[in-house]
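Numbering (the numbering used here), first residue to last: 10 to 133. Yeah, the Cβ is synthetic: ideal placement off N, Cα and C, and Gly gets one too. Okay, structure first, notes after.
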Amino acid sequence: MWSHADVKEYLDEKRVRIYGIEIMENASPIMQYDRETGVVKFPFEAECEGGWSGSAFIFGNEGQGLSTKQREICDEFLFIPQNRGGSGGSEDNFAGRDKVGSASMNVACAAAVVLQAYSVGRLF
């Protein structure tokens, strides 16, 4: 059985970037639309410039998110922007995001959204 550290070492040797999918303070959105220019930007574009050969994604469970060990091996964190109603307080306001509501999404749905954004962002 591989430990988290073993996986990190192996993927680093292969030049594979590890993305953690998690709503947290330092996470970037999986895509950003610039209303002024009409351009959609993806965080994966920097991956091409950095000499990475591929990507791995870690999705946490729907209730607890990523574990501490999972977060420790990630190179970068991404989140899926969600704009839906609900009640929430200031703890839902990360990095100026003022939409509140449920931050939970079925992990299979989250994987589909992230992988679609990745394939578009990397022009697959």
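Cβ neighbours of residue i in the same chain (closer than 7 Å, five flanking residues each side left out)
i, result
"residue 82", "13, 16, 17, 27"
"residue 35", "86"
"residue 66", "28, 30, 123"
"residue 120", "68"
Length of the line joining the Cα atoms of residue i and residue j
i, j, result
"residue 60", "residue 123", "21 Å"
"residue 101", "residue 69", "Any reading at residue 101 must be qualified, since the residue scores a pLDDT of 44, below 50, and its modelled position is unreliable; no value is offered."
"residue 53", "residue 126", "9 Å"
"residue 43", "residue 118", "25 Å"
"residue 6", "residue 21", "This structure gives no information on residue 6, because the portion of the chain shown stretches from 10 to 133."
"residue 114", "residue 33", "15 Å"
"residue 89", "residue 38", "6 Å"
"residue 23", "residue 91", "33 Å"
"residue 76", "residue 131", "28 Å"
Beta-carbon proximity list for residue i, same chain, < 6 Å, skipping 5 on both sides
i, result
"residue 41", "50"
"residue 25", "63, 65"
Presumed contact (8 Å Cβ cut-off) between residue i and residue j, rounded CB distance
i, j, result
"residue 63", "residue 31", "Incorrect: roughly 20 Å between the Cβ atoms, too far for contact."
"residue 116", "residue 71", "6 Å"
DSSP state of residue i mapped onto helix, strand, coil
i, result
"residue 130", "helix"
"residue 75", "coil"
"residue 65", "strand"
"residue 85", "strand"
Own chain, CB closer than 8 Å to residue i, minus 5 neighbours either side, in chain order
i, result
"residue 78", "13"
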